[in-house]
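Here the structure is laid out as structure tokens; the discussion comes afterwards.
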Amino acid sequence: MLAEYTPILFILLLAVGILWIIWRLARRLFGGTRDRAEPATATYLEHDAPPRDIGVRPLAAPSPTIPDAADVLAHGHVSRA
6 MLAEYTPILF
16 ILLLAVGILW
26 IIWRLARRLF
36 GGTRDRAEPA
46 TATYLEHDAP
56 PRDIGVRPLA
66 APSPTIPDAA
76 DVLAHGHVSR
86 A
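For what it's worth, the working numbering labels the leading residue of the sequence shown as 6, then goes sequentially.
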């Protein structure tokens, strides 16, 4: 019995979703922002607030332990063990 109403419910839900999207687009296109109230919460940062501690990050990557070609050419020799 429920299988008979599944396509109808799907179409009804799809129609409601499409109407909601059209309503939102119409409000955005034709509705002015001058009538809207300010948001209840402030979305800007306060200048007096201290910065959050995001942790200390190294400025440069640690030097590699294996010399690359530039190091070998700069020093002019290869150490062999």
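Note that the Cβ used here is the ideal one computed from N, Cα and C, for glycine as well.
Where do the ends of the alpha helix (DSSP H) carrying residue i lie?
i: I71; result: Taken as a continuous stretch (DSSP letters only), I71 belongs to no alpha helix (DSSP H), as it is neither H nor E.
i: G81; result: Segment: none, G81 is in no alpha helix (DSSP H) and carries neither H nor E.
i: G22; result: L7 to F35
Using beta carbons (cut-off 9 Å, strictly below), is residue i in contact with chain B?
i: R32; result: This model lacks chain B altogether; it includes just one protein chain.
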